[in-house]
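Here's the structure we're looking at; comments come further down.
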Amino acid sequence: MAGDTKFNRKKFEELIVYIARRLPPEAALGRVKLAKLLMHSDFTAFVRLGRPITGATYEKWEHGHLPKQLLLAQRDLEADGSIEEERVDYYGRQLRHLTAHRDPHMAAFSEDEIAIVEGALRLYGHESATYLSQLSHADPGWFLSRDNAKIPYETALLSKRIPTDAEVEYFRRLHGLAA
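Just add 25 to wherever you are in the sequence shown, counting from 1, and you've got the numbering used here.
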């Protein structure tokens with residue numbers, strides 16, 4: 026079932042611009058929320074289409090899945106003026122929000138991929154980063170992986186129930202993660 030999971034930097038960057046363009050300041054699109062929206066889009070595409078949208082490498086970090094390529098891509102997009110991180114007032118709190126200063130180039134995206142991203146934005150675009158981090162901690166891929174380790178796309182095919190200790194050990198042996 027697994028299709029091409031090779032990283033596509035251009036699609037990754039354009040997806041960041043797309044998400045930043047679609048969410049208004051009150052959505053408070055900071056790095057944690059952006060990471061969760063990218064992850065949800067890629068892992069959902071893997072399940073539905075047999076391949077992720079961007080092929081980014083997601084790793085297990087304290088606040089959930091983090092695309093390894095995010096910091097560099099965000100820095101490059103900010104440097105060329107495509108996006109900007111702003112401070113927005115949200116009920117008396119100062120939150121970060123990424124704003125896009127150009128339209129994304131979407132020619133490389135299929136209709137199915139765009140529909141998956143739109144679904145992620147509808148479901149989670151206005152949720153807090155804290156809530157999305159908590160959701161990601163219940164994800165089998167995050168739960169099964171070691172800190173700072175790659176989370177395989179195949180974990181999206183696993184049940185959302187908490188795995189048994191035997192299942193955790195089997196997964197770790199299968200992926201060479203055994204202690």
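Glycine residues also receive a C-beta, built at the ideal position from the N, C-alpha and C atoms. Model, not experiment: these values are computed from the prediction.
Cβ shell of residue i (< 7 Å), same chain only, five flanking positions each side left out
i    : result
R47  : L146
V182 : Per the sequence presented here, residue 182 reads as Leu, with Val not at that position. The answer, listed in chain order, is V72.
G106 : H126
First and last residue of the uninterrupted beta strand (DSSP E) at residue i
i    : result
T124 : R118 to A125
D114 : I108 to Y115
Opposing strand residues paired with residue i [DSSP bridges]
i    : result
E103 : According to DSSP, E103 bridges with nothing at all.
E84  : L91 and K175
Local Cβ density within 10 Å of residue i, reported as buried at 16 or more and exposed below that
i    : result
L102 : buried
Q99  : buried
S135 : exposed
K58  : buried
P177 : buried
Secondary structure of residue i, DSSP reduced to three states
i    : result
E152 : coil
H90  : strand
G55  : coil
H200 : coil
P77  : coil
E194 : helix
L97  : helix
L146 : helix
D128 : coil
A61  : Checking the sequence, you will find Lys at residue 61 rather than Ala. Residue state, collapsed to three classes: helix.
L157 : helix
T30  : coil
Same chain, Cβ closer than 6 Å to residue i, neighbours up to 5 away in sequence not counted
i    : result
I141 : S66, T69 and A70
A52  : G150 and H151
K36  : T79 and A133
The alpha helix (DSSP H) enclosing residue i, as first and last residue numbers
i    : result
D164 : No alpha helix (DSSP H) holds D164; DSSP gives it neither H nor E.
R47  : R34 to R47
F134 : Here F134 belongs to no alpha helix (DSSP H), and DSSP marks it neither H nor E.
Sequence-distant residues of the same chain with beta carbon closer than 8 Å to residue i, five excluded per side
i    : result
P188 : P165, F168, L169 and F196
K185 : A163, D164 and P165
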